[in-house]
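Engineer: Just add 27 to the spot in the sequence shown (first one is 1) and you have the working numbering.
We put the CB at the ideal spot given by N, CA and C, even for glycine.
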Amino acid sequence: MAVKTGYWNIRGYMQPIRLLLAHAGVEYEDKRYNVGPAPDYDRSEWLNDKFNLGLDFPNCPYYIDGDVKISQTFAILKYLGRKHNLAAKTEEEQIRVDLMEAEAIDMRTKWSTLCYNADFENMKPDYIKNAPVKLKEVSTFLGSHPYFAGQNITYIDFVIYELLDQNSQLIPGLLDEFPNLKEFHARIGGLEKVAAYLSSDKCIKYPFNGPMAQWGGK
Ligand SMILES: N[C@@H](CCC(=O)N[C@@H](CS)C(=O)NCC(=O)O)C(=O)O
């Protein structure tokens with residue numbers, strides 16, 4: 028199998044890439060590194076590989092296909108978007124995708140800051156209060172479009188799907204007041220090959236985060 032990806036044995040940054048690859052029907056080796064138990068959280072499984080993969084910027088997630096060797100989640104997603112016809116097709120779509128990409132990075136940063144914080148329990152009420160405020164903007168932006176670019180599915184849809192999915196598990200019922208986001212979530216999760224992947228034993232349902240996380244880890 029020529030294509031290989033690598034990441035921790037969690038959903039984390041890698042899950043949207045896995046969902047995109049499932050949708051595109053790509054066969055690949057999904058290398059999953061394990062972290063040792065507390066208190067040391069030994070990362071040597073990954074560190075033994077890290078500098079031997081030929082990556083310019085050794086990190087995970089990574090994607091390797093022959094001479095194509097990429098790290099950085101969004102560099103991988105954008106490459107795969109171009110390769111599998113999941114990129115913006117017009118300037119208008121490009122602006123929408125760029126906007127959602129930046130918003131997704133902000134949302135993901137807030138999510139990780141919460142989940143990995145020792146002060147998780149104290150931070151959680153504020154997070155729960157603010158999440159619908161951001162989702163209202165996201166819902167208005169999506170409007171009646173089926174996908175975030177507009178009429179065409181792009182790589183950013185897998186990123187937003189995963190963010191909505193994880194947040195809904197922390198905050199049950201979060202999407203109830205946003206029917207279009209609920210429909211979007213069902214639309215992406217219901218794509219034939221994505222649905223098959225999600226219900227297969229190849230798919231990591233849990234954990235979302237690493238073992239050192241206060242929430243969503245093991
Ligand atoms: N900006 C990078 C961040 C990647 C990153 O922080 N990876 C974490 C896991 S989410 C890691 O453990 N990297 C391995 C390392 O730093 O050696 C991306 O978007 O891919």
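How would you label Gln178, buried or exposed, when you count the other beta carbons within 10 angstroms and need 16 or more for buried?
Structural biologist: Locating residue 178 in the sequence shown gives position 151, where the first residue counts as 1. Exposed, because fewer than 16 other Cβ atoms sit within 10 Å of the Cβ of Gln178.
Engineer: Within 7 Å: the Cβ of Gln42 and any heavy atom of ligand 1?
Structural biologist: Here residue 42 refers to the residue found at position 15 of the sequence shown. No; taking the cut-off as 7 Å, the Cβ of Gln42 has no heavy atom of ligand 1 nearer than that.
Engineer: Go ahead and pull the three-state DSSP assignment for Thr117.
Structural biologist: Taking the first residue of the sequence shown as position 1, residue 117 is located at position 90. Thr117 falls in the coil class under three-state DSSP.
Engineer: Do Asn36 and Tyr55 have their C-beta atoms closer together than 8 Å?
Structural biologist: To locate residue 36, count along the sequence shown from 1; it is residue 9. To locate residue 55, count along the sequence shown from 1; it is residue 28. No. Outside cutoff.
Engineer: With a threshold of 6 Å on Cβ separation, who are the neighbours of Glu189 within its own chain once the five nearest residues in sequence on each side are excluded?
Structural biologist: Position 162 of the sequence shown, counting from 1, holds the residue named residue 189. Answer for Glu189: Gln42 and Pro43, listed in chain order.
Engineer: Where does Glu130 fall in DSSP's three states?
Structural biologist: Mapped onto the sequence shown, residue 130 falls at position 103. Looking at Glu130 - three-state DSSP - the assignment turns out to be helix.
Engineer: Between Pro88 and Tyr40, is the Cβ-Cβ spacing less than 8 Å?
Structural biologist: Translated into positions along the sequence shown, residue 88 becomes position 61. Translated into positions along the sequence shown, residue 40 becomes position 13. Yes, they are a contact pair.
Engineer: Take every Cβ of the stretch 153-167, pair it with every Cβ of the stretch 88-98, and state whether three or more of those distances are shorter than 8 Å.
Structural biologist: No, the stretch 153-167 is not in contact with the stretch 88-98.
Engineer: Exposed or buried, Asp184, counting other C-beta atoms within 10 Å across all chains shown (16 or more means buried)?
Structural biologist: Residue numbering aside, residue 184 sits at position 157 when the sequence shown is read from its first letter. Label assigned to Asp184: buried.
Engineer: Using only the alpha-carbon positions, how far apart do Ile91 and Leu74 sit?
Structural biologist: Here residue 91 corresponds to residue number 64 of the sequence shown, with the count starting at 1. Here residue 74 corresponds to residue number 47 of the sequence shown, with the count starting at 1. Using only the alpha carbons, I get a separation of about 17 Å.
Engineer: Counting only runs that start and end within the stretch 28-75, where is the alpha helix (DSSP H) found for 4 or more residues in a row?
Structural biologist: Listed in chain order, the complete alpha helix (DSSP H) runs (minimum 4 residues) inside the stretch 28-75 are 42-51.
Engineer: Under the three-state reduction of DSSP, which class applies to Tyr143: helix, strand or coil?
Structural biologist: Position 116 of the sequence shown holds residue 143. Looking at Tyr143 - three-state DSSP - the assignment turns out to be coil, as it is neither helix nor strand.
Engineer: DSSP on Asp92, reduced to helix/strand/coil?
Structural biologist: Along the sequence shown, one-based indexing puts residue 92 at 65. Here Asp92 sits in strand by DSSP.
Engineer: For Thr140, verify whether its CB is less than 7 Å away from any heavy atom of ligand 1.
Structural biologist: The residue labelled residue 140 in the question sits at position 113 within the sequence shown. The answer is no for Thr140.
Engineer: Mapping DSSP to helix, strand and coil, what is Tyr174?
Structural biologist: Taking the sequence shown and counting its residues from 1, one reaches residue 174 at position 147. DSSP places Tyr174 in strand when its eight states are reduced to three.
Engineer: Kindly examine ligand 1 and report whether one of its heavy atoms sits closer than 7 Å to the Cβ of Pro88.
Structural biologist: Stepping through the sequence shown from its first residue, residue 88 is reached at position 61. Correct: Pro88 has its Cβ closer than 7 Å to ligand 1.
Engineer: As a quick exercise: from Arg38, Pro206 and Pro159, pick the residue whose alpha carbon is nearest that of Asp57.
Structural biologist: Indexing the sequence shown from 1 puts residue 57 at position 30. The candidate whose alpha carbon is nearest that of Asp57 is Arg38.
Engineer: Please confirm whether Leu201 and His212 have their CB atoms less than 8 Å apart.
Structural biologist: For the purposes of this step, residue 201 is identified with residue 174 of the sequence shown, where counting begins at 1. For the purposes of this step, residue 212 is identified with residue 185 of the sequence shown, where counting begins at 1. For Leu201 and His212, no; Cβs fall outside 8 Å.
Engineer: Please report the residue range of the alpha helix (DSSP H) in which Gln99 lies.
Structural biologist: Within the sequence shown, the letter at position 72 stands for residue 99. Element bounds for Gln99: n/a, residue is neither H nor E.
Engineer: State the DSSP-derived secondary structure class of Asp125, mapped to helix, strand or coil.
Structural biologist: Along the sequence shown, one-based indexing puts residue 125 at 98. It is helical.
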